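0 is the number of the first residue of the sequence shown in numbering that gives the first Met the number 0; add one for each residue after it.
Every residue gets a Cβ at the ideal spot worked out from N, C-alpha and C, and that includes glycine.
Computed from a predicted structure; not experimentally measured.
Taking it in order: structure first as structure tokens, then the write-up.
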Amino acid sequence: MLKVSTPGLATTVQDLGRPGYYHLGIPLSGGMDRFALRAANLLVGNDEGAAVLEAVFMGPQLVFGEDATVAVTGAELPVLVDGKEQVTWTSFAVKKGQTLSFGFLRSGARIYIAVSGGIDVPLALGSRSTYAIGALGGFKGRPIAAGDELPVGAGKGAAAGRNVPEALRRKPGQPAELRVLPGLYWHRITAEAGRQFFADTWKVAPEADRMGYRFRGGKPIEFVPHEQPFGAGSDPSNIVDACYPYGSIQVPGGTEPIVLHRDAVSGGGYFMVGTVISADMDLIGQLQPHTPSRFVEVTMDQALAARRDCKALLAKVREALAA
Numbered sequence: 000m001l002k003v004s005t006p007g008l009a010t011t012v013q014d015l016g017r018p019g020y021y022h023l024g025i026p027l028s029g030g031m032d033r034f035a036l037r038a039a040n041l042l043v044g045n046d047e048g049a050a051v052l053e054a055v056f057m058g059p060q061l062v063f064g065e066d067a068t069v070a071v072t073g074a075e076l077p078v079l080v081d082g083k084e085q086v087t088w089t090s091f092a093v094k095k096g097q098t099l100s101f102g103f104l105r106s107g108a109r110i111y112i113a114v115s116g117g118i119d120v121p122l123a124l125g126s127r128s129t130y131a132i133g134a135l136g137g138f139k140g141r142p143i144a145a146g147d148e149l150p151v152g153a154g155k156g157a158a159a160g161r162n163v164p165e166a167l168r169r170k171p172g173q174p175a176e177l178r179v180l181p182g183l184y185w186h187r188i189t190a191e192a193g194r195q196f197f198a199d200t201w202k203v204a205p206e207a208d209r210m211g212y213r214f215r216g217g218k219p220i221e222f223v224p225h226e227q228p229f230g231a232g233s234d235p236s237n238i239v240d241a242c243y244p245y246g247s248i249q250v251p252g253g254t255e256p257i258v259l260h261r262d263a264v265s266g267g268g269y270f271m272v273g274t275v276i277s278a279d280m281d282l283i284g285q286l287q288p289h290t291p292s293r294f295v296e297v298t299m300d301q302a303l304a305a306r307r308d309c310k311a312l313l314a315k316v317r318e319a320l321a322a
């Protein structure tokens with residue numbers, strides 16, 4: 000059991016999500032940075048998809064009711080056990096009665112706290128992930144709060160001192176580069192607008208959360224003149240309602256792109272200029288507000304190659320920890 004002294008900021012229980020319900024309007028949810036979530040679980044000897052705590056910008060303070068092995072991955076910030084600093088991306092032991100706490104954020108945006116045995120909240124549609132907008136899953140369908148007592152599953156845990164080498168960690172660059180496949184509605188913007196979209200440097204807006212990340216600072220998008228179809232809104236960025244894939248980039252009014260993420264709605268009436276490839280969705284989850292970012296055009300073959308590269312990187316992490 001973990002007793003929550005302070006909850007941190009928007010700290011939720013997350014695993015790898017609940018696929019299969021998006022057509023019903025229930026999003027995947029799960030860790031924004033799935034690589035960091037998997038790595039944290041591997042470090043403590045859990046199944047890769049076990050439930051962990053995802054905290055944004057600021058970590059919680061937790062008192063342990065039992066001995067456990069713990070690992071913290073993702074963003075970089077001081078990790079403390081009874082005030083003594085621990086190493087991130089490395090497993091460490093926490094004894095019954097000790098307190099896990101965190102210092103101020105150094106880089107990145109989200110941390111993943113894995114505890115041996117996993118956070119043992121009930122399954123909801125096959126997942127322990129929190130979808131707070133729908134009050135579904137996690138701990139009572141919401142972010143954790145002071146005084147909560149989080150159940151932990153049984154599990155001996157791996158040895159302390161296991162480490163994911165720096166070379167096997169994924170972090171956004173400066174500026175962050177997000178690879179994009181142009182979308183079905185690319186024909187709705189002018190050739191110059193398409194070129195400019197990829198040429199501009201954008202910045203993450205403060206309106207960035209689990210539903211989506213807004214970007215601003217680039218030039219407004221110019222649309223090809225056309226007559227709006229029946230059922231669409233009057234703005235050139237409106238379409239007749241359509242499905243949204245994860246990573247799709249809406250540009251309401253042609254001004255500020257929004258990349259839809261793990262808790263996104265499944266459809267709506269804004270056109271999509273393209274889709275961030277699956278390999279780069281984890282990187283978005285580690286972007287702080289005002290981070291300079293660029294969208295980079297890729298082909299389907301390049302997107303599939305990037306996905307293979309991500310799988311290969313995860314395989315190397317498994318091999319490193321097995322050794």
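At a Cβ-Cβ threshold of 8 angstroms, residue 167 and residue 283 do not count as neighbours. Using a C-beta cut-off of 8 angstroms, the region 103-110 makes contact with the region 50-67, since at least three inter-stretch Cβ pairs fall below that distance. By the neighbour-count criterion, in which a residue is buried when 16 or more other Cβ atoms sit within 10 angstroms of its Cβ, residue 219 is exposed.
With a cutoff of 8 angstroms on beta-carbon distance, residue 92 and residue 38 are scored as not near each other.
Segment contact: the region 36-52 against the region 77-87, fewer than three CB-CB distances shorter than 8 angstroms; contact not assigned. The region 13-20 makes no contact with the region 267-284, as fewer than three CB pairs between them are under 8 angstroms. Rounded to whole angstroms, the gap between the alpha carbons of residue 260 and residue 115 is 28 angstroms. For residue 74, the three-state secondary structure derived from DSSP is strand. Cβ neighbours of residue 239 within its own chain (closer than 6 angstroms, five residues either side excluded): 228, 230, 231.
Here residue 229 carries a coil assignment [DSSP, helix/strand/coil]. In the three-state scheme derived from DSSP, where H, G and I count as helix and E and B as strand, residue 183 is classed as coil. When DSSP states are grouped into helix, strand and coil, residue 296 belongs to the strand group.
Only buried fits residue 31, as 16 or more other CB atoms lie within 10 angstroms of its CB. Relative to residue 53, the option among 67, 146, 74 whose CA is nearest is 74. Remark: C-beta atoms of residue 252 and residue 233 do not approach each other more closely than 8 angstroms. Per the C-alpha coordinates, the member of 150, 131, 292 positioned closest to residue 142 is 131. Counting only the Cα atoms, residue 262 lies some 7 angstroms from residue 27.
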